[in-house]
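Protein chains: 2
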Amino acid sequence: MEKVKRNERIGALIKILTEAPNRIFTLSYFSEMFGAAKSTISEDIDIVRDIFKKYGLGEMETVTGAAGGVKYLPVPARDKALAFTNEMALRLCAPDRILPGGYLYMGDVLSTPGHIERMGEILAAQFYRNSPDFVLTCETMGVPVAMMCARVLNVPMIIARRNRGAGVAEGSVITINYVSASSKRLQTMTLPKRLVGSGQRALIIDDFMKGGGTAKGMIDMMKEFAVTVVGVGVVMATALPQHKLVDNYKSLLVLDEIDEARSLVKVSPAAWLTNF
Amino acid sequence: MEKVKRNERIGALIKILTEAPNRIFTLSYFSEMFGAAKSTISEDIDIVRDIFKKYGLGEMETVTGAAGGVKYLPVPARDKALAFTNEMALRLCAPDRILPGGYLYMGDVLSTPGHIERMGEILAAQFYRNSPDFVLTCETMGVPVAMMCARVLNVPMIIARRNRGAGVAEGSVITINYVSASSKRLQTMTLPKRLVGSGQRALIIDDFMKGGGTAKGMIDMMKEFAVTVVGVGVVMATALPQHKLVDNYKSLLVLDEIDEARSLVKVSPAAWLTNF
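In order, the protein sequences belong to chains A and B.
The working numbering runs 34 ahead of the 1-based position in the first sequence.
The working numbering runs 34 ahead of the 1-based position in the second sequence.
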């Protein structure tokens, strides 16, 4: 076999590891791929680890045991995460984003894959240690960020459907009723039975939380499946009401105030981000 | 400034380039980041190019002119794209996927970020040269693959909502009626006005096409915005009806046959993939 240079191995290693976050690769796998000794690959991995550290590009984790190896976690550097969230907050504070009824226009931010990817990475980093088996969201605007979260956690992303009967191409579903905390209206949510197994662990991700009704609906849905909810994360939560239907959740951004009459909107990064 | 080793530069370059596909980076940008001469960075880029080529990890493209530089395109190697699509087709051919009414259960495949990412990359690679300004999809199951497509094209991903009035947090919308070609039912589709600018170029991406009604609806919607549609791509299209409401589209997979009574389902990779 042709000898592969270190430069080349480092480059290929970084591409392969970073495009499959949170997936364990054995040293043997790379050893075979590059025709190099495991000790050489181990040195390569150390170099890769240093590069990630130096440029704040994420972390390498070593997993010991029979199924051991190395994996890549795209944990954003603290300063980068905060700078990004600050930038998003600033952008969302524009008065022309105030919509009739005191809603905030976020469509452009939630349409940009680069932003969504950063949001997904920061949220996922809070829940790695909780080992979710899948990410659950409720259609529609939470889907992109839930997808990016699931990508870096290396787990499936499952979508609960809103206000529908059984989805035609989904087979048997479980349907629950829930109450939107802000509008007080009764809604329904459905989830295909075969997508979720009992005893699994779910991470709930959504774009926005006001009263927490939708998140609470997803938590209730998970009870029907005998699934443990290991975390709730949202892109933005309103400061008020302070008491939401869900106790523990992480939001990236807080909508402190929105006042249509005074053309005033205030968005800030969540407090926990400063201690991230 | 501390001298940065080539290993390190190659590693960081690959991480930075691959996590921002289709985005132009100038040599000066890297030259400053690493404190190295542009000629050195240029040599690094050549090494990166060779690594991508050797391991089938995508392509580097040089952009000339004042705004010139290099960019990364995650164009999947032909054999990898075909192997992946074949694997998906095989997986989808299981008789226990047949749902009442002759629908095919694809929920698990469309929930897996790794699969969605590959699908998005293969579809995007067909439309790079068409320079779309955004990717358009219609909720819900097309959102993940449209998102991944938009990510590698480095453009926004915009979601048309189905059967709704004005979305509360979206401001003014345009609503059109369209007819589902398979069910012959009248449906409505809405899109926020401020998300799309007239004169832009749209790539339409969806999960499934039978009669082509939804895709046709999106094309009609784009006419309302004076937007040019530069392509239509779907994960799966049915073989029948052969004549769909949309003429030119690319599908990754073809649903050749599905027969509930005989427990028969046949899915194959689209013919164009073999000449990819």
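Each residue gets a CB set at the ideal place from its N, CA and C atoms; glycine is no exception.
From a predicted model like this one, the values you see are computed outputs, not experimental measurements.
Annotated three-state conformation of A/Met-122 is helix, per DSSP. The Cβ atoms of B/Asn-56 and B/Val-266 do not sit closer than 9 Å to each other.
In the structure shown, B/Asp-254 falls within a helical segment according to DSSP collapsed to helix, strand and coil. Under the Cβ criterion of 9 Å, A/Val-82 is counted among the residues facing chain B. Secondary-structure assignment with DSSP links A/Ser-285 through a beta bridge to A/Val-268. Counting along the chain, A/Glu-93 sits inside the beta strand (DSSP E) bounded by residues 93–97. If you look at A/Ser-302, you'll find it in the beta strand (DSSP E) that goes 298–303.
Among the bridge pairs identified by DSSP, B/Phe-168 is matched with B/Ala-236. Take A/Arg-43, set aside five residues on each side of it, and the residues of its chain with a beta-carbon closer than 6 Å to its own are Phe-68, Asp-78, in chain order. A/Tyr-162 is outside the set of residues whose beta carbon lies under 9 Å from a beta carbon in chain B. Contact of B/Gly-205 with chain A by beta-carbon distance below 7 Å involves Leu-133, Tyr-139. C-alpha of B/Glu-53 to C-alpha of A/Thr-171: approximately 24 Å in a straight line. Spatial neighbours of A/Ser-214 in its own chain (CB-CB distance under 6 Å, excluding positions within 5 residues in sequence) are listed in chain order as Gln-221, Gly-247. A direct Cα-to-Cα measurement between B/Pro-134 and A/Met-122 gives close to 45 Å. At a cut-off of 9 Å between beta carbons, A/Ala-115 makes no contact with chain B. According to DSSP, A/Asp-84 shares a beta bridge with no other residue. The three-state reading of DSSP puts A/Leu-225 in strand, counting E and B together. Classified as buried, A/Gly-245 has 16 or more neighbouring CB atoms from the shown chains inside 10 Å of its CB.
Counting along the chain, B/Lys-49 sits inside the alpha helix (DSSP H) bounded by residues 40–52. For A/Tyr-139, the three-state secondary structure derived from DSSP is coil. With three or more CB-CB distances shorter than 8 Å, the stretch 126–142 of chain B counts as touching the stretch 288–308 of chain B. For B/Ile-210, the uninterrupted beta strand (DSSP E) run begins and ends at 207–213, by DSSP.
For B/Arg-219, the secondary structure class from DSSP, reduced to helix, strand or coil, is coil. B/Pro-129 has a beta carbon lying at 9 Å or more from every beta carbon in chain A. Between the beta-carbon of B/Pro-178 and that of B/Leu-144 there is about 6 Å, and that keeps the pair under the 8 Å contact cut.
Where B/Tyr-106 is concerned, the enclosing beta strand (DSSP E) starts and stops at 103–107.
The Cβ neighbour count for A/Ser-285, taken over all protein chains shown within 10 Å, is at least 16; the residue is labelled buried. In the structure shown, B/Arg-196 adopts extended strand secondary structure according to DSSP, grouped into three states. Listed as beta-bridge partners of B/Glu-291 by DSSP are B/Lys-300. At a C-beta separation below 9 Å, B/Met-252 has no neighbours in chain A, since its nearest C-beta there lies roughly 15 Å away. For A/Thr-146, DSSP records no beta bridge to any residue. Within the stretch 235–259 of chain A, contact with chain B at the beta-carbon level (separation under 8 Å) is assigned to Phe-242.
Distance check between A/Tyr-283 and each of A/Ala-115, A/Gln-160, A/Thr-308, A/Glu-258 places A/Gln-160 closest, using alpha-carbon atoms only.
Contact check for B/Phe-64 and B/Leu-47: beta-carbon distance about 7 Å, within the 8 Å limit, so the pair qualifies. About 4 Å separates the CB atoms of A/Gly-103 and A/Thr-60; that is less than 8 Å, so the two are in contact. Looking at the DSSP output, B/Thr-262 shares a beta bridge with B/Arg-235.
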